[in-house]
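Protein chains: 2
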Amino acid sequence: MAPATKISRVTIKTVAADAGVSVAAVSKVLRDAYGVSDALRARVQASMERLNYRPHAGARAMRGRTYTLGILLPDMRNPFFADILAGVNEALERTQYQTMIGVSRSAETIEMSLIDSMIDRQMDGLLMIGPRMPPETAESVSIRIPTAIVGYHVPELATLDTANNDDVAGAAQVVRHLAANGYRRITMVTLAVPTKNVVVTVQRERGYREAMKERGLGQHVNIVPADQTAREVQTVVRHLLESRHRPEALFCWTDMVALHALSVAKDLGLSVPGDLAIVGYDNTIYCDLAQNSLTSVDQSGQVLGLQAARLLIERIDGRQLGDHFVVSPRLVVRGSSRPRPS
Amino acid sequence: MAPATKISRVTIKTVAADAGVSVAAVSKVLRDAYGVSDALRARVQASMERLNYRPHAGARAMRGRTYTLGILLPDMRNPFFADILAGVNEALERTQYQTMIGVSRSAETIEMSLIDSMIDRQMDGLLMIGPRMPPETAESVSIRIPTAIVGYHVPELATLDTANNDDVAGAAQVVRHLAANGYRRITMVTLAVPTKNVVVTVQRERGYREAMKERGLGQHVNIVPADQTAREVQTVVRHLLESRHRPEALFCWTDMVALHALSVAKDLGLSVPGDLAIVGYDNTIYCDLAQNSLTSVDQSGQVLGLQAARLLIERIDGRQLGDHFVVSPRLVVRGSSRPRPS
DNA sequence: CGTTCTACGTATACCGTTCTACAAAACGAT
DNA sequence: ATCGTTTTGTAGAACGGTATACGTAGAACG
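Heads up: the protein sequence lines correspond to chains A and B, in order. Here the numbering used here is used: the first residue of the first sequence is 98, the next is one more, and so on. Here the numbering used here is used: the first residue of the second sequence is 98, the next is one more, and so on.
Here it is as structure tokens:
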């Protein structure tokens with residue numbers, strides 16, 4: 098066991114004794130519950146200050162709330178998630194809440210075990226980012242614990258809240274932009290997941306497909322799946338770019354894939370956008386670097402994180418109706434999709 | 098408050114009743130403490146299985162350990178930290194431990210408040226990555242809670258453990274490599290922190306300085322500090338590259354800075370490595386992308402994370418002596434530092 | 001002046017574990 | 001059979017908060 102701290106902890110009891118009030122009174126001040134006079138509150142707060150009192154989270158967990166929110170991330174490497182987290186932190190800044198992050202490595206089993214462990218730890222709420230689970234599972238989770246999700250399309254569910262960008266519209270903007278710049282054989286690189294309508298990639302695929310038809314490019318629709326791993330992505334893209342009918346443009350479901358695509362193109366001696374246009378999604382910090390100069394769709398991760406956190410706290414405070422926040426995506430044009438040379 | 102779950106929880110009591118034993122017996126099985134027969138253990142485990150029992154973390158926190166480790170990260174955007182976390186997860190895979198991640202945004206105040214909040218939550222141990230605090234503070238933290246640190250040089254402290262690469266050697270390798278490839282005016286871009294010997298940047302500065310002297314390039318030693326922000330880094334690098342005596346090579350303390358440097362160089366129409374060599378540190382995934390092709394120092398983040406987690410658990414289990422793991426860095430040469438054209 | 005409210009405080013059961021102290025049972029050696 | 005000794009199991013007091021139920025003093029009212 099850890100080196101025994103024999104210095105007895107400052108508890109609510111110590112504070113009560115110091116302030117000359119009851120334990121219950123101190124607890125009331127802490128939770129700022131009904132029935133405390135300004136005088137009492139002041140006295141108690143002074144004592145807490147003086148003694149440097151800090152509430153014991155475990156003890157709280159026994160009866161009330163823990164003021165801790167669980168955050169579920171699919172992976173650490175995607176810089177987009179950092180934007181979301183920044184928004185979450187912003188929303189939580191003036192509150193008592195703290196966050197606890199778990200990384201699921203995009204595996205549904207890890208996801209579920211993390212959720213269990215968060216529930217064991219009595220998290221007050223759960224904020225999931227792009228989860229892999231089917232909507233039935235998400236719903237059953239949200240019945241056990243207040244839940245908000247970023248990047249998950251379930252507008253019909255009332256037991257949980259979501260914050261999304263309009264992925265269909267975002268993808269459509271990409272296609273229209275590329276079409277306007279003279280590209281016709283536009284291939285989409287997506288994620289290899291079981292086709293569930295709820296995940297963002299499937300929504301983006303829909304937007305891509307619809308916009309391609311709208312622009313009369315229906316015969317060029319081509320959606321290629323690839324796993325998350327660097328190796329797999331590069332293999333798939335390389336295969337595409339070496340094929341007889343090489344695409345004129347690649348629309349990648351997320352920036353990370355687009356960056357790998359840029360790498361493969363460079364390896365093969367293809368110039369971007371001369372021989373190939375590339376567009377990503379998320380508008381992460383890497384897009385703006387000159388060596389990438391990657392056109393991408395900005396979905397305001399920070400706003401999504403902020404809103405999701407706000408919704409989650411509302412939900413914890415008792416809201417029963419589902420709230421589904423949607424932000425409009427915005428195409429940020431950079432060098433990688435400049436007009437096609439005829 | 099959250100929607101009241103009226104379904105009463107499966108507790109240790111339920112399990113005890115189901116197995117027909119005492120609460121204490123169940124607790125013993127859980128902690129696998131001394132004095133349980135195989136028969137009893139089997140019976141209790143069967144009951145736990147059947148009832149799908151899960152221990153309540155808050156209740157545990159009241160008396161014993163929480164089986165939760167706090168991890169302190171300076172920021173989410175540096176992909177190097179993902180490697181470290183992967184190592185930590187690997188070490189924890191076969192244990193009961195879970196992790197809770199907090200992001201300090203490289204600010205000492207946030208760092209300290211996160212530490213407090215982890216202690217409030219009765220974390221069994223703390224794993225810090227590249228903390229900003231002075232060693233006295235780190236020591237005082239390690240007296241309050243078992244502590245392991247990655248990327249922090251305090252070999253003299255016995256109250257905490259560390260896992261590091263040899264930053265002096267890593268930086269020296271970079272300088273020797275560049276010198277061998279014909280570069281002489283090698284400038285180092287470092288982090289603007291109060292000069293504390295414990296932080297990795299200062300160690301790398303030392304390695305840089307020593308190797309420069311060793312190669313007879315003492316008069317070219319130039320160490321330029323820059324903040325973490327993208328804007329600041331780009332400004333500093335731009336200023337360097339536009340100066341009269343433009344450096345022939347840049348050694349950046351971390352890959353992120355090197356990537357920004359590549360961007361600025363491209364913006365200014367400088368070719369890498371023709372006009373300028375660039376070397377980073379950490380060998381993150383971005384180095385390998387063809388558009389970056391960035392020479393970098395690999396410090397095996399995964400190994401560091403694994404070792405740190407291992408040391409931390411040993412420490413929690415009672416080890417009193419300090420253990421300081423060191424791995425040798427390895428230079429990974431890529432396009433950005435090819436021999437200088439004469 | 002008695003009664004009813006309201007505002008403020010307090011006493012205390014309770015949450016789900018851990019762990020110490022102890023009882024009972026089983027064993028071994030005379 | 002008797003007496004230690006060891007093994008196995010149990011009872012119950014903590015741990016530090018929360019929240020319910022209740023007491024009490026004034027104020028407001030009739």
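The beta carbon of each residue, even a glycine, is placed where N, CA and C say it ideally should be.
**OP:** Please list the partners that I382 (chain A) has in chain B, where partner means a Cβ-to-Cβ separation under 8 Å.
**Re:** Your numbering for residue 382 (chain A) matches position 285 in the first sequence. R174 and A327, listed in chain order.
Original post:
Pick from B:F177, B:R147 and B:R151: whose alpha carbon is nearest that of T381 (chain B)?
Top reply: Within the second sequence, the letter at position 284 stands for residue 381 (chain B). It is B:F177 whose Cα lies nearest to the Cα of T381 (chain B).
Original post:
Taking all protein chains shown into account, do 16 or more other C-beta atoms lie within 10 angstroms of the C-beta of N149 (chain A), making it buried, or fewer, making it exposed?
Top reply: If you number the first sequence from 1, residue 149 (chain A) lands on position 52. By the 10 Å Cβ count, N149 (chain A) comes out exposed.
**OP:** Below 8 Å on the Cβ atoms is my guess for S433 (chain A) versus I375 (chain A); work out the distance and round it to an integer in Å.
**Re:** Position 336 of the first sequence, counted from the first residue, corresponds to residue 433 (chain A). Position 278 of the first sequence, counted from the first residue, corresponds to residue 375 (chain A). The pair is a contact, with the Cβ atoms about 5 Å apart (cut-off 8 Å).
Original post:
At a CB-CB cut-off below 8 Å, which residues of chain B make contact with P152 (chain A)?
Top reply: Residue numbering aside, residue 152 (chain A) sits at position 55 when the first sequence is read from its first letter. Near P152 (chain A) (Cβ distances below 8 Å), the residues of chain B are D217.
Original post:
With burial defined as no fewer than 16 other Cβ atoms inside 10 Å of the residue's Cβ, what is the status of S425 (chain A): buried or exposed?
Top reply: By 1-based counting over the first sequence, the position of residue 425 (chain A) is 328. It counts as exposed.
**OP:** Run the CB neighbour count on A206 (chain A), radius 10 Å, all protein chains shown included, and call it buried at 16 or more, exposed below.
**Re:** To locate residue 206 (chain A), count along the first sequence from 1; it is residue 109. The sequence shown places Thr at residue 206 (chain A), not Ala. It is exposed - the Cβ of T206 (chain A) has fewer than 16 other Cβ atoms within 10 Å.
**OP:** Indicate the three-state DSSP secondary structure (helix, strand or coil) for G222 (chain A) in the structure shown.
**Re:** Taking the first residue of the first sequence as position 1, residue 222 (chain A) is located at position 125. Looking at G222 (chain A) - three-state DSSP - the assignment turns out to be strand.
**OP:** Evaluate N294 (chain B) with the Cβ neighbour count: other Cβ atoms within 10 Å of its Cβ, from every protein chain shown; 16 or more gives buried, anything less gives exposed.
**Re:** Against the second sequence, residue 294 (chain B) aligns to sequence position 197. Answer is exposed; the Cβ neighbour count stays below 16.
Original post:
Taking Cβ-Cβ distances shorter than 7 Å, what residues in chain A pair up with A387 (chain B)?
Top reply: As a first step, residue 387 (chain B) is located in the second sequence; it is residue number 290 there, counting from the start. In chain order: S360, K363 and D364.
**OP:** Using the DSSP secondary-structure output, state which residues sit across from L365 (chain B) in a beta bridge.
**Re:** What you label residue 365 (chain B) is simply residue 268 of the second sequence in a count that begins at 1. In DSSP, L365 (chain B) forms no bridge with anything.
**OP:** Following the continuous alpha helix (DSSP H) through P232 (chain B), name the residue where it begins and the one where it ends.
**Re:** Translated into positions along the second sequence, residue 232 (chain B) becomes position 135. Looking at the DSSP string, the run of the alpha helix (DSSP H) that includes P232 (chain B) is P232 to R241.
Original post:
How long is the line joining the alpha carbons of G199 (chain A) and I168 (chain A), rounded to whole angstroms?
Top reply: The residue given as residue 199 (chain A) occupies position 102 in the first sequence. The residue given as residue 168 (chain A) occupies position 71 in the first sequence. Spanning the two alpha carbons is a distance of roughly 6 Å.
Original post:
When burial is assigned at 16 or more other CB atoms within 10 Å of the CB, is V185 (chain A) buried or exposed?
Top reply: Residue 185 (chain A) sits at position 88 when you count from the first residue of the first sequence. Result: buried.
**OP:** Can you tell me which of the three DSSP states P176 (chain A) falls into?
**Re:** Residue 176 (chain A) sits at position 79 when you count from the first residue of the first sequence. Correct three-state label for P176 (chain A): helix.
**OP:** Tell me whether S340 (chain B) sits in a helix, a strand or coil according to DSSP, three-state version.
**Re:** The residue given as residue 340 (chain B) occupies position 243 in the second sequence. Coil.
Original post:
Taking the C-alpha atoms as reference points, what is the distance between L386 (chain A) and V123 (chain A)?
Top reply: On the first sequence, position 289 is the one that residue 386 (chain A) refers to. On the first sequence, position 26 is the one that residue 123 (chain A) refers to. Approximately 54 Å, taken between the alpha carbons.
Original post:
Name the DSSP beta bridge partners of D395 (chain B), please?
Top reply: For the purposes of this step, residue 395 (chain B) is taken as the residue at position 298 of the second sequence. Paired residue(s): B:R427.
Original post:
Can you give, in chain order, each stretch of the alpha helix (DSSP H) that sits fully within the stretch 262-299 of chain B and has at least 4 residues?
Top reply: 264-277
Subject >> Neighbour flag for M225 (chain A) against chain B, beta carbons, 8 Å >> reply: Counting from one through the first sequence, the residue named residue 225 (chain A) turns up at place 128. With 8 Å as the cut-off, M225 (chain A) does not count as an interface residue toward chain B.
Original post:
Using a Cβ-Cβ distance under 8 Å, would V423 (chain A) count as near chain B?
Top reply: Sequence index remark: in the first sequence, residue 423 (chain A) carries index 326 (1-based). By this cut-off, V423 (chain A) is not an interface position.
Original post:
Hey, does V112 (chain B) have any beta-carbon neighbour from chain A nearer than 8 Å?
Top reply: For this step, residue 112 (chain B) is matched to residue 15 along the second sequence. Closer than 8 Å: no.
**OP:** Would you identify the three-state DSSP class for F422 (chain B), choosing helix, strand or coil?
**Re:** Along the second sequence, one-based indexing puts residue 422 (chain B) at 325. Looking at F422 (chain B) - three-state DSSP - the assignment turns out to be strand.
Subject >> Separation of H421 (chain A) from A204 (chain B), as counted between CA atoms >> reply: Counting from one through the second sequence, the residue named residue 204 (chain B) turns up at place 107. Counting from one through the first sequence, the residue named residue 421 (chain A) turns up at place 324. If I take the Cα positions, the gap works out to 34 Å.
**OP:** List the residues that DSSP assigns as beta-bridge partners of C349 (chain A).
**Re:** Counting from 1 along the first sequence, the entry for residue 349 (chain A) is found at position 252. In DSSP, C349 (chain A) forms a bridge with A:V286.
Original post:
If N262 (chain B) sits next to L401 (chain B), beta carbons under 8 Å apart, how far is it from one beta carbon to the other, in whole angstroms?
Top reply: Indexing the second sequence from 1 puts residue 262 (chain B) at position 165. Indexing the second sequence from 1 puts residue 401 (chain B) at position 304. The pair is a contact, with the Cβ atoms about 7 Å apart (cut-off 8 Å).
**OP:** Mind checking which residues open and close the alpha helix (DSSP H) that includes I382 (chain A)?
**Re:** Stepping through the first sequence from its first residue, residue 382 (chain A) is reached at position 285. Looking at the DSSP string, I382 (chain A) is not in any alpha helix (DSSP H), and its letter there is neither H nor E.
Original post:
Does DSSP put D135 (chain B) in a helix, in a strand, or in coil?
Top reply: Position 38 of the second sequence, counted from the first residue, corresponds to residue 135 (chain B). Residue state, collapsed to three classes: helix.
Original post:
Rounded C-beta distance between G377 (chain B) and S393 (chain B)? I'm assuming under 8 Å.
Top reply: The residue you call residue 377 (chain B) lines up with position 280 of the second sequence. The residue you call residue 393 (chain B) lines up with position 296 of the second sequence. Indeed, because the Cβ distance is near 4 Å, the residues count as touching under 8 Å.
Subject >> Range of the contiguous alpha helix (DSSP H) that encloses L170 (chain B) >> reply: Taking the first residue of the second sequence as position 1, residue 170 (chain B) is located at position 73. Here L170 (chain B) belongs to no alpha helix (DSSP H); instead the beta strand (DSSP E) covers T165 to L170.
Original post:
Hey, is V321 (chain A)'s beta-carbon within less than 8 Å of any beta-carbon in chain B?
Top reply: Position 224 of the first sequence holds residue 321 (chain A). Output row for V321 (chain A): interface = no.
Original post:
Sorted by chain position, which residues of the same chain lie with C-beta nearer than 8 Å to A183 (chain A)'s C-beta, five sequence neighbours on each side aside?
Top reply: As a working mapping, residue 183 (chain A) is identified with position 86 in the first sequence. Contacts found: G398, Q399 and G402.
Original post:
How would you label H342 (chain A), buried or exposed, when you count the other beta carbons within 10 angstroms and need 16 or more for buried?
Top reply: Walking along the first sequence from the start, residue 342 (chain A) turns up at place 245. It counts as exposed.
Original post:
Helix or strand or just coil, what does DSSP make of M98 (chain A)?
Top reply: For the purposes of this step, residue 98 (chain A) is taken as residue 1 along the first sequence, with counting starting at 1. The predicted position of M98 (chain A) is uncertain, since its pLDDT is 34 and thus under 50; a value taken from the coordinates is nonetheless stated next. Residue state, collapsed to three classes: coil.
Original post:
So is A101 (chain B) in contact with chain A if we call contact Cβ pairs under 8 Å?
Top reply: Against the second sequence, residue 101 (chain B) aligns to sequence position 4. For A101 (chain B), the pLDDT reaches just 36, beneath the cut-off of 50, and the residue's location in the model is therefore unreliable, leaving the point undetermined.
Subject >> Contact check, V321 (chain B) vs T287 (chain B), beta carbons under 8 Å >> reply: To locate residue 321 (chain B), count along the second sequence from 1; it is residue 224. To locate residue 287 (chain B), count along the second sequence from 1; it is residue 190. Cβ atoms of V321 (chain B) and T287 (chain B): closer than 8 Å.
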